[in-house]
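Numbering (the working numbering), first residue to last: -13 to 114.
Step one of this worksheet: look at the structure below.
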């Protein structure tokens, strides 16, 4: 039981660190980052769903960057990017991340894998 808790705590810390890597740091009232899979996900739809508050949406730019002004939201927040293009090809796979605080949260295949591990789900889209 103690080992299981320690493993979960370590996994949450790892997701937080990975999700926060890279890019500039958005202001405290915003959430943003980069959605990429080696190439940026361009024109992807970002959906942020927090513990409290309405779901928010944004679109990734030409570098995979995105930012949302957060008002009335209470973390933790689940983040998903879907659609868009990757190196000119249609993106057919949604990717996920978790934000425990406002600020920078990237969405990548690695954060998607960490979400699957934490949620105990083989498909993070089902969890989302």
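Glycine included, C-beta positions come from ideal geometry on N, C-alpha and C.
query	result
Assigned secondary structure, residue 62 (DSSP; H/G/I helix, E/B strand, else coil)	strand
Nearest-angstrom beta carbon gap, residue 56 and residue 115 [assumed within contact, 8 Å]	In the structure displayed, the chain extends from -13 to 114; residue 115 sits before or after that span and is not available.
Other residues of its chain near residue 80: CB distance less than 6 Å, five sequence neighbours each side excluded	66, 68, 111
Closest by C-alpha distance to residue 91, when choosing among 32, 24, 48	32
Proximity of residue 45 and residue 29 at Cβ, strictly below 8 Å	yes
Identity of the residue in 85, 15, 18, 95 nearest residue 61 by Cα	85
Integer Cβ distance of residue 101 from residue 19, believed to fall under 8 Å	14 Å between Cβ atoms; not a contact.
Spatial neighbours of residue 116 in its chain, beta-carbon cut-off 8 Å, leaving aside the 5 residues before and after	Because the chain is modelled from -13 through 114, residue 116 falls outside the range shown and cannot be assessed.
Start-end ranges of the beta strand (DSSP E) lying completely within the stretch 23 to 87, minimum 3 residues	31 to 38, 42 to 45, 51 to 55, 60 to 68, 81 to 85
Simplified DSSP state of residue 91, which is helix, strand or coil	coil
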